[in-house]
Amino acid sequence: MSNVIVLGTQWGDEGKGKVVDLLAPCFDVVARYQGGHNAGHTVYLNGRKLVLHLIPSGILHPGTLCLIGNGVAFHPKAFLEEVAALEALGISVDNNLVVSRNAHLILPYHLLLESIAEERRGNKKIGTTSRGIGPSYEDKVARCGVRVGDLLDLGILEEKIAENVAEKNELFRALGFPSVDAGEIFREYAAYASKVERYIGDVSFLLAQQTAQGKAILFEGAQGSLLDVDHGTYPYVTSSNSTAGGVCTGLGISPTKIDAVLGVTKAYTTRVGSGPFPTEMSDERGRRLSERGNEFGATTGRPRRCGWFDAVGVSHSCRINGIEKIVLTKPDVLDAFETILVCTSYGYRGEKLASFPTEPWILEKIVPQYREVKGWKKPIHGLTDAASLPAAFIDYVKLIEDLIEARVAIISTGVERKDSILIDEELGGIVDPRKIRASLA
Numbered sequence: 060m061s062n063v064i065v066l067g068t069q070w071g072d073e074g075k076g077k078v079v080d081l082l083a084p085c086f087d088v089v090a091r092y093q094g095g096h097n098a099g100h101t102v103y104l105n106g107r108k109l110v111l112h113l114i115p116s117g118i119l120h121p122g123t124l125c126l127i128g129n130g131v132a133f134h135p136k137a138f139l140e141e142v143a144a145l146e147a148l149g150i151s152v153d154n155n156l157v158v159s160r161n162a163h164l165i166l167p168y169h170l171l172l173e174s175i176a177e178e179r180r181g182n183k184k185i186g187t188t189s190r191g192i193g194p195s196y197e198d199k200v201a202r203c204g205v206r207v208g209d210l211l212d213l214g215i216l217e218e219k220i221a222e223n224v225a226e227k228n229e230l231f232r233a234l235g236f237p238s239v240d241a242g243e244i245f246r247e248y249a250a251y252a253s254k255v256e257r258y259i260g261d262v263s264f265l266l267a268q269q270t271a272q273g274k275a276i277l278f279e280g281a282q283g284s285l286l287d288v289d290h291g292t293y294p295y296v297t298s299s300n301s302t303a304g305g306v307c308t309g310l311g312i313s314p315t316k317i318d319a320v321l322g323v324t325k326a327y328t329t330r331v332g333s334g335p336f337p338t339e340m341s342d343e344r345g346r347r348l349s350e351r352g353n354e355f356g357a358t359t360g361r362p363r364r365c366g367w368f369d370a371v372g373v374s375h376s377c378r379i380n381g382i383e384k385i386v387l388t389k390p391d392v393l394d395a396f397e398t399i400l401v402c403t404s405y406g407y408r409g410e411k412l413a414s415f416p417t418e419p420w421i422l423e424k425i426v427p428q429y430r431e432v433k434g435w436k437k438p439i440h441g442l443t444d445a446a447s448l449p450a451a452f453i454d455y456v457k458l459i460e461d462l463i464e465a466r467v468a469i470i471s472t473g474v475e476r477k478d479s480i481l482i483d484e485e486l487g488g489i490v491d492p493r494k495i496r497a498s499l500a
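Quick look at the structure:
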């Protein structure tokens with residue numbers, strides 16, 4: 060059995076939720092390794108839309124063990140609301156979900172700190188969701204964070220909250236903001252503790268047990284590779300490692316236990332928030348993409364910026380993640396276009412760049428070099444058979460494969476699980492296509 064990472068190759072919103080949900084029948088365990096409730100993984104179940112923010116998408120499959128790793132910034136209230144929403148739909152959330160005791164908590168002062176920081180940036184705002192995730196990671200690195208395991212000892216929890224609040228209040232007062240109340244925060248989180256404690260465990264040890272038993276594990280990434288705090292368009296990035304390396308540190312598992320990395324790639328490009336976007340379209344075509352693709356953030360509802368497929372950025376992601384196979388999502392959004400542009404390279408100061416520059420001041424000035432291809436002008440929405448695909452679309456896929464040096468293994472033609480074309484020869488060695496088809500029958 061293979062242990063596979065599923066992650067985004069662009070600026071997030073590639074459709075990872077559907078892909079994890081589609082592949083879950085091939086795995087015993089689905090483990091989330093980074094990010095927080097800023098993620099929004101959208102899954103459609105029998106026509107009903109579900110958005111998961113913290114809990115892995117595998118939770119929709121009975122018998123699948125779901126894990127939230129130490130690399131996740133954990134908000135207890137958001138977690139409990141998500142559990143309640145799932146249970147209201149008849150989805151079991153009990154001993155099939157474990158949260159790492161080493162994950163760091165998001166506390167009320169983190170939200171306030173992030174809002175203040177964003178406001179003070181003026182026209183250089185990062186465009187964060189202001190949900191406190193970045194400041195939680197800051198406390199983690201500063202070695203003063205409060206962890207999920209601290210919920211198991213209320214004395215320790217109260218002490219740590221008091222120490223942090225004393226320090227944070229000095230900053231709030233200096234900036235002219237009201238202080239926060241340590242006692243109030245402690246009482247709120249003590250109440251969460253009694254409800255969360257049954258989910259808390261040693262995720263790293265549990266993963267070791269699962270791999271020793273030969274269980275197959277799917278590692279679920281959040282955001283996208285171009286938002287990685289080290290390898291993305293810094294500082295317009297998320298606060299964690301959304302690339303493949305984040306799996307080992309975010310779950311406590313050896314890299315030798317990982318067999319493959321499957322990239323999820325949208326057939327065009329979107330971005331939420333601030334930051335450079337070389338192929339962005341601010342014209343009528345961009346608006347058409349946004350409308351046809353329903354491009355609004357699953358977590359915040361913010362409109363996504365839209366642009367043509369950027370092979371330079373995706374190639375960068377494939378290289379740093381070791382991606383050889385991708386899932387191509389939302390190509391049906393392009394059905395109505397007479398012609399389609401694909402960014403094949405970047406020009407900067409009259410020269411062709413050899414690689415993707417992560418510096419925003421360079422990306423803001425690059426000139427994308429495009430190749431124009433014919434649109435297929437035929438609906439591919441909902442198709443499940445590769446033989447039914449238009450020739451022009453197949454040419455588009457081959458062009459993308461050549462540019463990013465990775466093969467398309469699955470084509471997603473809609474939001475439902477069944478709206479998928481499996482390329483058996485490309486999926487081999489990653490998952491068993493027969494298991495996926497059996498789950499869809």
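Letter by letter, the sequence shown follows residues 60 to 500 in the working numbering. Yeah, the Cβ is synthetic: ideal placement off N, Cα and C, and Gly gets one too. Given the structure is predicted, the values throughout are model-derived calculations rather than measurements.
Hey, could you find the ends of the beta strand (DSSP E) residue i is sitting in?
i: Gln428; result: 426-433
i: Ile480; result: 479-481
i: Tyr407; result: 398-407
i: Thr388; result: 384-388
i: Ile470; result: 466-471
i: Glu197; result: From DSSP, Glu197 is part of no beta strand (DSSP E) but of the alpha helix (DSSP H) over 192-200.
i: Glu279; result: 276-279
Over the uninterrupted alpha helix (DSSP H) stretch that includes residue i, give me the two end residues.
i: Glu141; result: 135-147
i: Tyr455; result: 450-463
i: Phe245; result: 241-255
i: Ala497; result: 492-499
i: His169; result: 167-179
i: Leu286; result: That residue, Leu286, is in no alpha helix (DSSP H); it is neither H nor E in DSSP.
i: Lys125; result: Note that residue 125 is Cys in the sequence shown, not Lys. Segment 124-127 is the beta strand (DSSP E) holding Cys125; no alpha helix (DSSP H) there.
i: Ile421; result: 419-422
i: Ser159; result: That residue, Ser159, is in no alpha helix (DSSP H); its beta strand (DSSP E) goes 156-159.
i: Leu310; result: 304-310
i: Leu81; result: 75-82
In the structure shown, what three-state DSSP assignment does residue i receive?
i: Arg232; result: helix
i: Cys377; result: helix
i: Leu113; result: coil
i: Val369; result: First, the residue type needs correcting, since residue 369 is Asp and not Val in the sequence shown. Strand.
i: Leu412; result: coil
i: Thr101; result: strand
i: Gly260; result: strand
i: Glu217; result: helix
i: Ser238; result: coil
i: Lys108; result: strand
i: Lys325; result: strand
i: Gly95; result: coil
i: Glu354; result: coil
i: Val331; result: coil
i: Val63; result: strand
i: Glu222; result: helix
i: Glu475; result: coil
i: Ala395; result: coil
i: Leu164; result: strand
Keeping to the same chain, check which residues put their C-beta closer than 7 Å to that of residue i; ignore five residues upstream and five downstream.
i: Ile317; result: Asn62, Ile64, Val306
i: Lys108; result: Thr101
i: Ser159; result: Ile127, Gly128, Asn129, Val207, Val262
i: Phe336; result: Arg330, Arg364, Gly366
By Cβ distance, which residues of its chain are closer than 6 Å to residue i, with the 5 residues on each side in sequence left out?
i: Ile312; result: Leu266
i: Val392; result: Arg351, Gly352
i: Gly309; result: Tyr92, Gln93, Gly128, Gly130
With residue i and residue j assumed to form a contact (beta carbons below 8 Å), what rounded beta-carbon distance in angstroms separates them?
i: Gly434; j: Ile399; result: 5 Å
i: His375; j: Ser404; result: Not quite, the Cβ-Cβ distance comes to about 12 Å (not below 8 Å), so this is no contact.
i: Tyr92; j: Gly130; result: 5 Å
i: Thr292; j: Leu422; result: 6 Å
i: Lys384; j: Cys85; result: That belief does not hold up - the Cβ atoms of Lys384 and Cys85 are roughly 14 Å apart, past 8 Å.
i: Val373; j: Ser471; result: Incorrect: roughly 16 Å between the Cβ atoms, too far for contact.
i: Ser333; j: Lys184; result: 5 Å
i: Gly122; j: Val89; result: With a Cβ gap of about 11 Å, Gly122 and Val89 do not count as contacting.
i: Ser301; j: Gly94; result: 7 Å
i: Glu485; j: Val474; result: So it is not a contact: roughly 22 Å between Cβ atoms.
i: Ala44; j: Ile382; result: Outside the displayed range of the chain (60 to 500) lies residue 44, so it cannot be described from this structure.
i: Thr338; j: Pro427; result: 5 Å
Go through its chain and collect everything with a Cβ distance to residue i's Cβ below 8 Å, but skip five positions before and after it.
i: Asp198; result: His163, His169, Gly204, Val205, Asn223
i: Thr417; result: His290, Gly291, Thr292, Tyr293
i: Leu216; result: Val205, Asp209, Leu210, Phe245, Tyr248, Ala249, Ala252
Just to confirm, does residue i get its C-beta within under 8 Å of one of the non-hydrogen atoms of the ligand NAD?
i: Tyr295; result: No copy of the ligand NAD occurs in the structure displayed, which carries no ligand at all.
(request) Decide if the region 203-213 is in contact with the region 183-190; the criterion is three or more beta carbon pairs, one per stretch, under 8 Å apart. (result) no
(message) Can you confirm whether the region 320-334 touches the region 167-176 when touching is taken to mean that 3 or more C-beta pairs between the two stretches lie within less than 8 Å?
(response) no
(request) Decide yes or no for the touch test of the region 247-262 against the region 115-129: beta carbon pairs closer than 8 Å, at least 3 of them. (result) yes
(message) Closer than 8 Å is the cut-off here; do at least three beta carbon pairs connect the region 445-463 with the region 487-498?
(response) no
(request) Decide yes or no for the touch test of the region 104-115 against the region 130-140: beta carbon pairs closer than 8 Å, at least 3 of them. (result) yes
(message) Quick test of the definition: if touching needs 3 or more C-beta pairs under 8 Å, does the region 277-291 touch the region 222-242?
(response) no
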